[in-house]
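Protein chains in written order, with numbering that gives the first Met the number 0: chain A, 0 to 488; chain B, 0 to 488. Take a look at the structure set out below.
2 protein chains.
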Amino acid sequence: MSDGDPPLESGGHAGPPFDPERFRREGREVVDWIASYWESLASRPVRSQVAPGWVRSELPPHAPEDPEPLTAVVADLDRVVVPGLTHWQHPSFFAYFPASASSPSILGELLVAGLGVQGMLWATSPACTELETHVLDWLRVLLGLPERFASGSAGGGVIQDSASSGVLCAIVAARERATSLRTNSTGLCQNGQPLVAYASADAHSSVEKAAGIAGIGRAWLRRIPVDDWGRMDAAALSAAMDQDAAAGRRPFFVVATVGTTAAGGIDPVPGVAAIASRHSAWLHVDAAWAGAAAICPEFRAALVAGADRADSWGFNPHKWLLVNFDCHALWVADRAALVSALSMKPDYLRNEASDGGAVIDYSDWQVPLGRRFRALKLWMTLRMLGAGALRTHIRSHVDWAREFAGWVAADPRFEVVVEPSLALVCFALRAGDDASRRLLDRVNASGRCFLSHARVNGRFALRLAIGGATTTRSDVVAVWQLLTDSAPP
Amino acid sequence: MSDGDPPLESGGHAGPPFDPERFRREGREVVDWIASYWESLASRPVRSQVAPGWVRSELPPHAPEDPEPLTAVVADLDRVVVPGLTHWQHPSFFAYFPASASSPSILGELLVAGLGVQGMLWATSPACTELETHVLDWLRVLLGLPERFASGSAGGGVIQDSASSGVLCAIVAARERATSLRTNSTGLCQNGQPLVAYASADAHSSVEKAAGIAGIGRAWLRRIPVDDWGRMDAAALSAAMDQDAAAGRRPFFVVATVGTTAAGGIDPVPGVAAIASRHSAWLHVDAAWAGAAAICPEFRAALVAGADRADSWGFNPHKWLLVNFDCHALWVADRAALVSALSMKPDYLRNEASDGGAVIDYSDWQVPLGRRFRALKLWMTLRMLGAGALRTHIRSHVDWAREFAGWVAADPRFEVVVEPSLALVCFALRAGDDASRRLLDRVNASGRCFLSHARVNGRFALRLAIGGATTTRSDVVAVWQLLTDSAPP
Chain A
0 MSDGDPPLES
10 GGHAGPPFDP
20 ERFRREGREV
30 VDWIASYWES
40 LASRPVRSQV
50 APGWVRSELP
60 PHAPEDPEPL
70 TAVVADLDRV
80 VVPGLTHWQH
90 PSFFAYFPAS
100 ASSPSILGEL
110 LVAGLGVQGM
120 LWATSPACTE
130 LETHVLDWLR
140 VLLGLPERFA
150 SGSAGGGVIQ
160 DSASSGVLCA
170 IVAARERATS
180 LRTNSTGLCQ
190 NGQPLVAYAS
200 ADAHSSVEKA
210 AGIAGIGRAW
220 LRRIPVDDWG
230 RMDAAALSAA
240 MDQDAAAGRR
250 PFFVVATVGT
260 TAAGGIDPVP
270 GVAAIASRHS
280 AWLHVDAAWA
290 GAAAICPEFR
300 AALVAGADRA
310 DSWGFNPHKW
320 LLVNFDCHAL
330 WVADRAALVS
340 ALSMKPDYLR
350 NEASDGGAVI
360 DYSDWQVPLG
370 RRFRALKLWM
380 TLRMLGAGAL
390 RTHIRSHVDW
400 AREFAGWVAA
410 DPRFEVVVEP
420 SLALVCFALR
430 AGDDASRRLL
440 DRVNASGRCF
450 LSHARVNGRF
460 ALRLAIGGAT
470 TTRSDVVAVW
480 QLLTDSAPP
Chain B
0 MSDGDPPLES
10 GGHAGPPFDP
20 ERFRREGREV
30 VDWIASYWES
40 LASRPVRSQV
50 APGWVRSELP
60 PHAPEDPEPL
70 TAVVADLDRV
80 VVPGLTHWQH
90 PSFFAYFPAS
100 ASSPSILGEL
110 LVAGLGVQGM
120 LWATSPACTE
130 LETHVLDWLR
140 VLLGLPERFA
150 SGSAGGGVIQ
160 DSASSGVLCA
170 IVAARERATS
180 LRTNSTGLCQ
190 NGQPLVAYAS
200 ADAHSSVEKA
210 AGIAGIGRAW
220 LRRIPVDDWG
230 RMDAAALSAA
240 MDQDAAAGRR
250 PFFVVATVGT
260 TAAGGIDPVP
270 GVAAIASRHS
280 AWLHVDAAWA
290 GAAAICPEFR
300 AALVAGADRA
310 DSWGFNPHKW
320 LLVNFDCHAL
330 WVADRAALVS
340 ALSMKPDYLR
350 NEASDGGAVI
360 DYSDWQVPLG
370 RRFRALKLWM
380 TLRMLGAGAL
390 RTHIRSHVDW
400 AREFAGWVAA
410 DPRFEVVVEP
420 SLALVCFALR
430 AGDDASRRLL
440 DRVNASGRCF
450 LSHARVNGRF
460 ALRLAIGGAT
470 TTRSDVVAVW
480 QLLTDSAPP
């Protein structure tokens, strides 16, 4: 922790998101609890004996407004959660295939969570990539797999979340090879009537990636222009959809972004929804980053407007709600549409509860079959911090971003490139793109801060995204000081 | 832990995979280490300063044969890993968007790992599903999302690993709705020449799921018959591929299974590879469960035969190698084919290291953009247990399965339905399917064990899959005793 005011104490509701002393104490309690849980396994019934709905009936209907102590969570673990578990680590669990943990792997997962780094690019944490390459080479040798899979060859290894993601990656790679890379680009069209998807020019790259994976074809994802604030031009969307429909194509999917990656732009969702609805197209709202701020009533209206007409709406508690990666929350308005697209229930997975239709089987709601118990960390975060403290967390960041934008605007060398969006400020040197790029390189090379960049309204902009668990106002003050010290006079 | 011989001590290499007292001690050390790491954050450079390859150059070329103590791992964490990290939890990390952890969410992830349960079905751990439904309802209210997304409506919420998986699920759901559920079934064919995929009748459901998701169409996945041991009939595969090619269709993808889910059948991979090769089809080997046993030389030949001609080969360390879920290892022989299919590099992710081409960006190797540092737990497991102990772990299970199969064969009421595969035994009562099903229900209802079932050679078989971290020979003895006590005389 840096010094200065802890971001959550201002609300009077909780300690900071990470208090080292408290973590030492509570970490030991959780470690001891896990050890006792394993000691108790053999004496427990292997399969959960609870009836559908029992676990939920034992839980309060709303998230707590104020923090709860670890003791309260642990009491509910014992009272509600553990009886609702089928104990996969039980010595007499012989079902399906094993999914065995060990002490080192649990400690490893704890470290993964404690480090909280992202390995999406080598650059985002080199050790995360290199250790992965390295241990997969270790494993290749241990397994006696051929040299063609070694990282020193044309091949190599990668850890996926599951075999399902693995085979999906493989099938897509195979399809592209078989079609000389044409399918990702031009798609696999049915009866000569292509399906067409729409998203703004600033929508996230994952939309285009999904269009390729799903066989729609990236070329059939229309990128709709945005205005100076990064918001989709609804009139252009309407024209594009009408034109495709008139040409015999089938508009079927629209992504509205609430908080674009580059500049935090918020698409006009109500207008977009009305247009999508005219074509019976599915409306997906991608609020990955900004969505978390909807827990604050003062930000909510702008963020959830139009959600009442969306078919799906997703945001990432792992971005700005203090839940460690990975945790993406996706809601759908018609669960049957999702399940009918994704459900697979081979004989060896059939069971009375599924057949009875009284329960949710979440593997029918996602790509992989297996899944971690991610709800637990979301639950603990909501309970142990409380909604009030989470609101304070977000409000502080928005306040500091506004202050920061004010400092930028007041310095004649700098300018704000687009109006700040929540806790995101995009700014530049008036001296131009090259000067801005050099400034970014200089401050990042100092090791004292890390900002990224984006192209906003055709310009190279520095991006200050506030949201860290340990970031305080004084850290924001310090980064501005560093920027002004490093900028040319 | 149940009493009896700990599975790993027989090898003399390590303690059991989970020793509660040791876990208490080491868990505290890791907790303290994480607390100190967070205390140190503000004084560290935010971005890693290492050059490409430095982390790997500091690591030994092979997995250790014998266990290493936690102190050695922690020393390398400090010496090699931490300098190789860009510190996403640093107070002055302002790049991209935040991915913030908090003390409760880290404790939650620790508990997730410590419980080690699977939430793929409600039945596989009811609390895992119900808590997820519940907290997403909590969040919906906190965010002010409309009632149509409530679990009490036709909609509902689900946690995905990332927004990328979320949008993929959404686009597939939309495509199916737009095509009256036809695409998942009949596919999106290009120029009237459909792509055709092949897998055995006993291949995992995820293959069929992926064929739907990728726009191939589940109908274009040919299910090739298997013999009495659950192995793909290579002659039938050859005939099917020739017939499709003669009809102007494009055979493009073959999945060979090494260890089927039902009975552990192992496809004749070398023969399958030769046939796939004649059609230039991609060969993917799914060794999800059985692949782990290839670390033992005596099992290896049967498991990796033909891998030298596979385009991709995957197995799950989270199944039988004591790494907690999720950890799927996927190797490809031609990384360019994978990356060209999956790479997306928008401007805000571009960086010098990526552009220079000297590094791996693993987000180009998978569906989602974000990813956890899963290599760490694989690394810790390999190091702290050592390859020797992992081999002993697997060998013990195979030995016990053979013993168990011997007991089954010697009891006139029972029979082994198919030759045991590694640590998997499929057996039944001679009295028929109904009697076997009642026996399974009876022993599972006792709470003293949990077996599952499969349809093998047209019969209802009980499945005993040995592989638990805490399972000992005496647990296998006990389950056989329970079965013989519960079976009709």
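We treat Cβ as the ideally placed atom computed from N, Cα and C, and that holds for glycine. Here the structure is a predicted model, which means the values were calculated and not measured.
For residue i, which of the options has the nearest alpha-carbon?
i	options	result
residue 422(A)	274(A), 392(A) and 414(A)	392(A)
residue 175(A)	448(B), 360(B), 333(B) and 261(B)	333(B)
residue 445(B)	473(B), 481(B) and 469(B)	481(B)
residue 63(B)	385(B), 473(B), 427(B) and 397(B)	385(B)
residue 472(A)	400(A), 223(A) and 124(A)	400(A)
residue 365(A)	170(B), 71(B), 134(B) and 32(B)	170(B)
residue 512(A)	137(A), 105(A) and 428(A)	The question about residue 512(A) has no answer here: the residues shown for chain A are numbered 0 through 488.
residue 325(B)	370(B), 54(B), 362(B) and 81(B)	370(B)
residue 112(A)	33(B), 216(B) and 167(B)	33(B)
residue 123(B)	351(A), 488(A), 447(A) and 418(A)	351(A)
residue 448(B)	419(B), 260(B), 479(B) and 44(B)	479(B)
residue 154(A)	143(A), 383(A) and 136(A)	136(A)
residue 101(A)	16(B), 134(B) and 368(B)	16(B)
residue 224(A)	134(A), 201(A), 207(A) and 241(A)	201(A)
residue 398(B)	420(B), 377(B) and 408(B)	420(B)
residue 237(A)	303(A), 276(A) and 258(A)	276(A)
residue 469(A)	18(B), 41(B) and 30(B)	41(B)
residue 151(A)	158(A), 363(A), 487(A) and 140(A)	140(A)
residue 246(A)	301(A), 222(A) and 195(A)	195(A)
By the 10 Å Cβ neighbour count, where 16 or more other Cβ atoms means buried, how is residue i classified, buried or exposed?
i	result
residue 433(A)	exposed
residue 373(A)	buried
residue 475(B)	buried
residue 452(B)	buried
residue 340(A)	buried
residue 2(B)	Unreliable placement is indicated for residue 2(B), whose pLDDT of 36 sits below 50; no coordinate value is reported for it.
residue 6(A)	In this predicted model, residue 6(A) has a pLDDT of only 39, less than 50, meaning its place in the structure is not dependable enough to derive any value.
residue 103(A)	buried
residue 355(A)	exposed
residue 11(A)	Summary for residue 11(A): the model assigns pLDDT 33, below 50, so the residue's position carries little reliability; its value from the coordinates is reported in the next sentence. With fewer than 16 other Cβ atoms within 10 Å, it is exposed.
residue 297(B)	exposed
residue 484(B)	exposed
Would you kindly check if the distance between the Cβ of residue j and the Cβ of residue i is under 8 Å?
i	j	result
residue 503(B)	residue 203(B)	Residue 503(B) lies beyond the stretch modelled for chain B, which goes from 0 to 488, so this question has no answer here.
residue 278(B)	residue 233(B)	no
residue 229(B)	residue 270(B)	no
residue 115(B)	residue 98(A)	yes
residue 26(A)	residue 106(B)	yes
residue 284(B)	residue 197(B)	no
residue 126(A)	residue 457(B)	no
residue 28(B)	residue 69(B)	yes
residue 413(A)	residue 463(A)	no
residue 250(B)	residue 293(B)	no
residue 353(B)	residue 120(A)	yes
residue 359(A)	residue 167(B)	no
residue 72(B)	residue 343(B)	no
residue 282(A)	residue 205(B)	no
residue 329(A)	residue 156(B)	yes
residue 443(A)	residue 46(B)	yes
Distance cutoff 8 Å, beta carbons only. Does residue i sit that close to anything in chain D?
i	result
residue 281(B)	Any reference to chain D falls outside this structure, whose protein chains are A and B.
Quick check: the region 311-327 of chain A against the region 283-298 of chain A, are there 3 or more CB pairs under 8 Å? Short answer: they touch.
Where in the region 222-302 of chain B do unbroken runs of the alpha helix (DSSP H), each at least 4 residues long, occur, reported from the N-terminal end onward? Within the region 222-302 of chain B, the complete alpha helix (DSSP H) runs of at least 4 residues are 233-245 and 268-277.
Is the number of C-beta pairs between the region 30-37 of chain B and the region 19-36 of chain A that are closer than 8 Å three or more? By the criterion of at least three beta-carbon pairs nearer than 8 Å, the region 30-37 of chain B is in contact with the region 19-36 of chain A.
Do three or more CB pairs link the region 78-95 of chain B to the region 81-90 of chain A at distances below 8 Å? Short answer: they don't touch.
Tell me the start and end of each unbroken beta strand (DSSP E) in the region 23-110 of chain B that is at least 3 residues and wholly inside, in chain order. Segments of the beta strand (DSSP E) lying fully in the region 23-110 of chain B: there are none.
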